[in-house]
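Per our numbering, the sequence shown runs over residues 2 to 147. First comes the structure, then the notes that go with it.
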Amino acid sequence: QEPLSGLIDIDYKIEKEKIPGLFFDYKLDGIGINGVIYSVKSIDLNSDKTIDQIRKDVSELESLNYRIDLLGKSIKGIDPNLNRHFLVVDEYKGQKKSYKQLFNILSEQKNIEYPYAVVNSGNLDEVTKEIQKSKASKFSEILNQS
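This is the structure we're talking about:
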């Protein structure tokens, strides 16, 4: 069912103890490695989560990506600039201004150097193909080595 299942870690909880400097657990939709690190996280602006919870998810993702990049560099010598982190977010459909503003801020990240690429769920196929083509394996395997 999941096209990347068995290839990379899916619905993977990164525990704070596993990554130096991380002070919270975080669940990613997917994470894999093969010369670069691939991570995927989707955040649903149309869910019943509060704007503060969604902002916290985004901030924690940025912090996590930074720590993952440092770990990849120290364990595998991976250039952090080559890593591919994806934030999957679809347009907010409601009326709340704060959610619309957050969507706009995230959407604008596409054009500047940022710790992740913002994609909508309609483009997930491209992300999946990129990860499959890279022959990435499970990130958890390098975590268990460290």
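Note that the Cβ used here is the ideal one computed from N, Cα and C, for glycine as well.
When N105, T129, I20, E131 are compared against D70, the one with the closest alpha-carbon: I20
Spatial distance of R68 from K94 (CA atoms): 33 Å
Any alpha helix (DSSP H) of 4 or more consecutive residues that is wholly inside the stretch 34-93: 52-77
Integer-rounded CB distance, given that D30 should sit under 8 Å from E16: About 17 Å; that fails the 8 Å criterion.
Residue closest to E142, alpha-carbon to alpha-carbon, out of F24, K42, P4, N35: N35
Counted within 10 angstroms of its Cβ, other Cβ atoms place I76 as buried (16 or more) or exposed: exposed
Span separating the alpha-carbon of D80 from that of V37: 8 Å
Contacting residues, own chain, Cβ-Cβ under 7 Å from A137 (five flanking each side not counted): L8, I9, G33, I34, N35, Y39
Under 8 Å between C-beta atoms of S135 and V119: no
Cut-off 7 Å between Cβ atoms - residues of its own chain near L144, not counting five sequence neighbours on either side: K19
Top-ranked residue by Cα proximity to V90, from I44, E3, D12: I44
Among K139, Q96, H86, D49, the one whose alpha carbon lies nearest that of Q110: H86
Burial state of G73 (16 or more Cβ within 10 Å): buried
Minimum C-alpha distance to R56 - residue among L5, K130, K101: K101
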